[in-house]
Amino acid sequence: MVNICKSFHGVHANKDINLQVNSGEILGLLGENGAGKTTLMNILYGLYQPDYGKILINGKPIKITNPVESINHGIGMVHQHFMLVQNHSVIENIALGYKDTPFFFPKIKIRERVKEFSRQFDFRMDLDQKVWQLSAGEQQRVEIIKALLNGADLLILDEPTSVLTPQEIQELIDILRRMKADGHSMIFISHKLDEIMDICDRVTVLQKGQIVGEADTADTDKKGLARMMVGRDVVFNIDKEKMDKGDQVLSVQDIHVTGDKGLPAVKGVSFNLYKNEIFGIAGVAGNGQRELAEAITGIRKIDTGRVMVKDQEITNMSPRKIYDYGVSHVPEERIRFGIAPGLFLYDNAILKQHHLKKFSKRYFLKYGQVKNHAKTIISDFRVSTHSINNQIRNLSGGNIQKLILGREISEQPELLVASHPTYGLDVGATEFLREHLLALRKQGSTVLLFSEDLEEIFELCDRVAVIFDGEFMGILDADDDRLCDIGMMMAGSKRIKDDTPANNQV
Ligand SMILES: Nc1ncnc2c1ncn2[C@@H]1O[C@H](COP(=O)(O)OP(=O)(O)OP(=O)(O)O)[C@@H](O)[C@H]1O
Ligand SMILES: [Mg+2]
167 MVNICKSFHG
177 VHANKDINLQ
187 VNSGEILGLL
197 GENGAGKTTL
207 MNILYGLYQP
217 DYGKILINGK
227 PIKITNPVES
237 INHGIGMVHQ
247 HFMLVQNHSV
257 IENIALGYKD
267 TPFFFPKIKI
277 RERVKEFSRQ
287 FDFRMDLDQK
297 VWQLSAGEQQ
307 RVEIIKALLN
317 GADLLILDEP
327 TSVLTPQEIQ
337 ELIDILRRMK
347 ADGHSMIFIS
357 HKLDEIMDIC
367 DRVTVLQKGQ
377 IVGEADTADT
387 DKKGLARMMV
397 GRDVVFNIDK
407 EKMDKGDQVL
417 SVQDIHVTGD
427 KGLPAVKGVS
437 FNLYKNEIFG
447 IAGVAGNGQR
457 ELAEAITGIR
467 KIDTGRVMVK
477 DQEITNMSPR
487 KIYDYGVSHV
497 PEERIRFGIA
507 PGLFLYDNAI
517 LKQHHLKKFS
527 KRYFLKYGQV
537 KNHAKTIISD
547 FRVSTHSINN
557 QIRNLSGGNI
567 QKLILGREIS
577 EQPELLVASH
587 PTYGLDVGAT
597 EFLREHLLAL
607 RKQGSTVLLF
617 SEDLEEIFEL
627 CDRVAVIFDG
637 EFMGILDADD
647 DRLCDIGMMM
657 AGSKRIKDDT
667 PANNQV
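Numbering (our numbering), first residue to last: 167 to 672.
Quick look at the structure:
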């Protein structure tokens with residue numbers, strides 16, 4: 167890509183970018199949220215037209231005006247947010263984007279080709295499942311196989327790992343290695359610097375739409391990459407101040423919850439949370455975390471058991487009532503459930519809060535106050551946008567995440583239920599968010615943190631519960647030596663009985 171420029175509303179998303187990928191190479195593309203990574207890749211994939219600049223393949227200038235042309239030139243893309251049709255099966259989704267669908271027996275022939283690829287790259291995939299039944303990692307594999315099937319020599323992966331579990335990430339990395347050995351080139355976007363160091367040959371760093379650094383991964387380290395991205399040193403380990411926990415805030419008593427597939431997902435979970443504490447729930451995705459978070463916040467029905475906020479029972483109340491009792495929620499699939507994409511940024515800044523007195527009077531919203539509130543979130547949480555009169559769908563992925571976090575946290579909730587709050591955030595924003603959660607704890611809030619990132623759990627939490635197959639394998643203080651067995655607890659092969667009085671149920 168040579169001298170690529172692209173601006174939106176007069177703001178440069180890409181400026182004078184020169185980017186080169188050699189065959190059989192994995193290039194890492196790094197940069198803060200809003201730096202212009204997705205925009206640049208959308209240009210290469212033909213979704214956007216550059217204002218200026220050209221694209222060359224094997225030295226020959228080419229014009230790409232839509233994705234069909236880029237596919238014909240051997241370029242494939244796995245997008246930042248999944249693009250699959252949820253109600254269709256895997257094979258139907260693959261057939262949908264396939265460029266040479268045969269006229270006779272299309273399903274049988276495509277099925278044969280998919281099987282061939284699965285064998286070659288050691289993919290496991292059930293072709294007849296509906297997409298909504300798949301985990302994030304499985305959906306990711308479908309996206310990759312779609313691109314490979316179309317003959318992608320260059321595969322663009324826009325944050326492919328941000329919603330994957332650690333095991334799924336490892337599987338994906340193994341697949342990418344095999345593809346590289348097979349001669350494919352890749353552009354890999356990620357905020358996780360360990361992964362970049364692990365898999366990329368070279369990196370290019372963007373900042374505010376411009377290239378600010380390039381390096382071979384062999385010549386740099388995580389700290390060096392972070393410095394290039396943010397322009398300063400980033401703290402990878404925050405010091406947590408010791409705090410005594412206060413009064414009881416939440417009590418979850420023997421709750422049972424059913425999952426999407428009609429099977430029990432949470433099976434008799436009990437715990438109490440206290441003021442001034444961060445309580446982590448660790449576990450491999452799909453062990454009941456999502457259902458537990460949704461049950462507490464009123465999105466999913468509780469079959470039996472009770473949830474209390476202080477002396478108030480909130481079992482099966484509406485999400486808004488529960489919010490009014492002081493419980494905020496940062497959901498797992500924020501882009502799908504946390505925003506209204508077509509609305510302006512300021513409307514999105516008060517979703518669920520529009521009925522509060524400070525934002526509305528009778529049937530009318532007080533737009534002055536709403537806009538000021540949005541401006542405060544934007545500046546506190548460093549959301550990068552050219553204006554608050556912008557549809558939220560125009561923001562970069564990470565900046566949408568920041569806005570939702572800001573909305574849920576800015577009101578100083580009594581209890582914050584946060585599912586993977588750092589998904590999609592750049593290193594600087596992650597550092598800021600973690601410090602903010604610790605500040606909330608200090609000011610008297612309670613945080614219930616769902617995370618698969620054990621580093622994050624140990625850095626932030628006072629106590630940790632390990633969940634497996636809908637049950638707690640134990641609740642321990644974060645400095646308890648027995649947590650060295652956390653891997654076995656997460657795999658369900660070890661259960662530790664609670665012995666602290668605080669964990670014993672009433
Ligand atoms: N269609 C659009 N209309 C208006 N502005 C846009 C549009 N697409 C992107 N932008 C702006 O361009 C800038 C770069 O966005 P981009 O999505 O490329 O960032 P990114 O580096 O991928 O960030 P992230 O890490 O958060 O995904 C942002 O300021 C964004 O608001
Ligand atoms: Mg992006």
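Cβ atoms here follow ideal geometry from the backbone N, Cα and C, with glycine treated the same way. Since this is a predicted model, take the numbers as computed values, not measurements.
Beta strand (DSSP E) segments (min. 3 residues) lying fully within the stretch 238–290: For secondary structure counted as the beta strand (DSSP E) over 3 or more consecutive residues, the stretch 238–290 holds these complete runs in sequence order: 241–244.
Among 586, 594 and 647, nearest to residue 623 - alpha-carbon criterion: Measuring C-alpha to C-alpha distances from residue 623 to each of 586, 594 and 647 identifies 586 as the nearest.
Near ligand 4: residue 197 beta-carbon under 6 Å from a heavy atom: This structure lacks ligand 4; the ligands present are ligand 1 and ligand 2.
Opposing strand residues paired with residue 440 [DSSP bridges]: Residue pairing by DSSP places residue 440 opposite 414 in a beta bridge.
Residue 585, enclosing beta strand (DSSP E) - first and last residue: Looking at the DSSP string, the run of the beta strand (DSSP E) that includes residue 585 is 581–585.
Where residue 658 falls: helix, strand or coil (DSSP): In this structure, residue 658 counts as coil in the three-state DSSP scheme.
Reduced DSSP secondary structure (H/G/I, E/B, other) of residue 226: Secondary structure at residue 226: strand, using DSSP grouped into helix, strand and coil.
Unbroken alpha helix (DSSP H) run spanning residue 331, endpoints: From DSSP, residue 331 is part of no alpha helix (DSSP H); its letter is neither H nor E.
Assigned exposure category for residue 245 - 16 Cβ within 10 Å defines buried: The residue in question, residue 245, is buried, as its Cβ has 16 or more Cβ neighbours within 10 Å.
Straight-line Cα distance separating residue 370 from residue 196: Their backbone Cα atoms lie some 6 Å apart in a straight line.
Cα-Cα separation between residue 574 and residue 602, rounded to whole angstroms: When the Cα atoms are used, residue 574 and residue 602 turn out to be separated by approximately 12 Å.
For residue 495, the first and last residue of its enclosing beta strand (DSSP E): Run containing residue 495: 493–496, per the beta strand (DSSP E) assignment.
Within 7 Å, strictly: CB atoms of residue 341 and residue 365: No, these two residues do not count as a Cβ contact at 7 Å.
Touch test, the stretch 225–244 against the stretch 553–564, Cβ-Cβ under 8 Å, three pairs minimum: As far as the Cβ criterion goes, the stretch 225–244 does not touch the stretch 553–564, which means the pair count is below three.
Three CB pairs or more closer than 8 Å across the stretch 217–229 and the stretch 383–395: They do not touch, by the three-pair rule.
Residue 555 in three-state terms, based on DSSP: Three-state result, residue 555: coil.
Distance cut-off 6 Å: residue 174 Cβ against heavy atoms of ligand 1: Yes, the beta carbon of residue 174 sits closer than 6 Å to at least one heavy atom of ligand 1.
CA-to-CA distance, residue 419 to residue 476, given in whole angstroms: Rounded to the nearest angstrom, the two C-alpha atoms are 13 Å apart.
7 Å Cβ cutoff met for residue 387 and residue 368: Going by C-beta atoms, residue 387 is not nearer than 7 Å to residue 368.
Closest Cα partner of residue 361 within the set 347, 377, 333 and 375: Closest by alpha carbon: 333.
Heavy atom of ligand 1 within 6 Å of residue 560 beta-carbon: Shortest gap from the CB of residue 560 to any heavy atom of ligand 1: under 6 Å.
DSSP state of residue 536 mapped onto helix, strand, coil: The three-state reading of DSSP puts residue 536 in helix, counting H, G and I together.
Near ligand 2: residue 246 beta-carbon under 6 Å from a heavy atom: It does: the Cβ of residue 246 is within 6 Å (strictly closer) of some heavy atom of ligand 2.
Sub-7 Å separation of residue 435 and residue 421 beta-carbons: The answer is yes: Cβ separation under 7 Å.
Test item: CB-CB of residue 660 and residue 647 under 7 Å: No, the Cβ-Cβ distance between residue 660 and residue 647 is not below 7 Å.
Rounded straight-line distance, which links the Cα of residue 598 to that of residue 516: Answer to the nearest angstrom: the Cα atoms are 22 Å apart.
Residue 324 burial status per 10 Å Cβ neighbour count (16 or more: buried): Buried.
Beta-carbon proximity of residue 564 to residue 590, cut-off 7 Å: Yes, Cβ-Cβ distance for residue 564 and residue 590 is below 7 Å.
For residue 247, the nearest candidate out of 526, 168, 500 and 198 (CA to CA): Ranking the options by Cα distance to residue 247, first place goes to 500.
Helix, strand or coil at residue 671 according to DSSP, with G and I counted as helix: Confidence at residue 671 is low in this model, with a pLDDT of 46, below 50, so the placement of that residue is unreliable and no value is reported for it.
Spatial distance of residue 194 from residue 488 (CA atoms): In a straight line, the C-alpha of residue 194 is about 43 Å away from that of residue 488.
Check whether residue 549 and residue 512 have beta carbons under 7 Å apart: Contact flag unset, no.
Beta-bridge partners of residue 421, as assigned by DSSP: Paired residues: 435.
For residue 430, the residue or residues it bridges with in DSSP: According to DSSP, which records beta bridges pairwise, residue 430 is partnered with 424.
8 Å Cβ shell around residue 231 - same chain, five flanking residues per side excluded: Around residue 231, the same chain offers 212 and 215 as residues with beta carbons nearer than 8 Å, after the five sequence neighbours per side are excluded.
Straight-line Cα distance separating residue 440 from residue 672: In this prediction, residue 672 has a pLDDT of 40, which is less than 50 and means its spatial position is unreliable; what the coordinates show is noted afterwards. Taking the straight line from one Cα to the other gives about 14 Å.
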